[in-house]
Amino acid sequence: MQLRTNGSVKVDSSFAVVGGTLRDNHGVWIIGFSCQLGRCSILEVELWGI
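Residue numbers (the working numbering): 16 to 65.
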């Protein structure tokens, strides 16, 4: 199984989002998520992704 996450922060407003996917051994999507976090630092967004 693979779990991949990623976060993004818009620099001028500090608006942040995070998301991720879980896939099986064949790359077939199992479940995913996304979340708007509001104002966050880059470090906070990466921690939310974990």
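The C-beta atom is built at its ideal place from N, Cα and C for all residues, glycine as well.
For residue i, the three-state DSSP class (helix, strand or coil)
i, result
"G42", "coil"
"I65", "coil"
In DSSP terms, what residue i is bridged to
i, result
"L37", "L18, I46"
"V32", "S23, Q51"
Between the CA atoms of residue j and residue i - distance to the nearest angstrom
i, j, result
"T20", "V33", "7 Å"
"F48", "V24", "17 Å"
Whether residue i touches residue j by CB criterion (7 Å)
i, j, result
"C55", "A31", "yes"
"E61", "G22", "yes"
"D39", "I45", "yes"
"L18", "L37", "yes"
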